[in-house]
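Under numbering that gives the first Met the number 0, think of the first position of the sequence shown as 0, with each following residue one higher. Glycine included, each C-beta is placed from N, C-alpha and C at the ideal position. These numbers come from a predicted model, not from an experiment. For reference, the structure discussed in these notes is given below.
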Amino acid sequence: MGERRPSWPEYFMSLAKVAARRSSCLRRKVGAVLVKNKQIIAMGYNGSPSGYDNCCDLEFCRRNNLDSGKSLDICPAVHAEANCINQAARFGHSTEGAVMYVTHHPCKWCLSSLVNAGIKTVIYDEPYPSELSESIKRQCDIEVVSFKDVLRNLNIKNKSNI
């Protein structure tokens, strides 16, 4: 018997992790995959806008000695989640009701954009410090779930079907 076939969440999160490898960020490589009806409609990673110098090539980060989640406004990078939404818009894919798989919990800017894009569920792998994100999650119509919890629920469901 061969290798176990990955579940849909495992498959999509693995693709988000591959996308993150394209990141030009020196601090944190983030990847995202936007899915609707089990079909990928967009992928993204964090990095400078097209045509703008990126930190990877410059070997310099403007936020190098700053705390995580602080002074995001001095960084020219576009976050993976925003790049994903932008790619969907550019190629005419509706994001309404979609699910985003992302390697890190969204910051408050990205979470706000995800809400306004009509994305209903975000599944993230790594935590990210953002108090305002917690407030947005509580008040807006978006589900933000840890990938570990998704896997745990899959295991419980699979065991109950035995």
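Residue burial classification, residue i (beta-carbon count within 10 angstroms, cutoff 16)
i, result
"LYS28", "buried"
"TYR51", "exposed"
"PHE11", "buried"
Simplified DSSP assignment, three categories, for residue i
i, result
"LYS35", "strand"
"LYS28", "coil"
"TYR44", "strand"
"ILE161", "Note on ILE161: pLDDT 45, under 50, position unreliable in the model; the coordinate value appears next. In the structure shown, ILE161 sits in coil (DSSP, three-state: anything other than H, G, I, E or B)."
"ILE84", "helix"
"SER132", "helix"
"SER145", "strand"
"ILE155", "helix"
"TYR51", "coil"
6 Å Cβ shell around residue i - same chain, five flanking residues per side excluded
i, result
"ASN82", "GLY43"
"GLY117", "THR94 and GLU95"
"ILE40", "LEU33, ALA87 and HIS92"
"SER132", "LYS107 and LEU110"
"CYS139", "VAL114"
"LYS119", "GLY96"
Separation of residue j from residue i, as counted between CA atoms
i, j, result
"ARG137", "MET99", "18 Å"
"SER22", "ASN45", "5 Å"
"ILE141", "SER47", "27 Å"
"SER145", "ILE122", "6 Å"
"GLU80", "ASN115", "12 Å"
"SER49", "ILE155", "43 Å"
"GLY30", "GLU2", "25 Å"
"VAL101", "ALA15", "6 Å"
"VAL143", "ALA19", "19 Å"
Nonlocal neighbours in the same chain, by C-beta distance under 8 Å from residue i, ignoring five residues either side
i, result
"PRO5", "SER13"
"GLU135", "Residue identity check: residue 135 is Ile in the sequence provided, not Glu. Same-chain partners within the cutoff: LYS107, LEU110, SER111, VAL114 and ILE141."
Neighbourhood of residue i by C-beta distance below 7 Å, restricted to the same chain and skipping five residues each side
i, result
"TRP7", "LYS37"
"ILE84", "THR94, SER112 and ALA116"
"ALA76", "CYS24, ASN45, GLY46 and SER47"
contact_flag[the segment 100-108, the segment 124-143] where n(CB pairs < 8 Å) is 3 or more: With a cut-off of 8 Å, the segment 124-143 and the segment 100-108 count as touching, because enough Cβ pairs lie within range.
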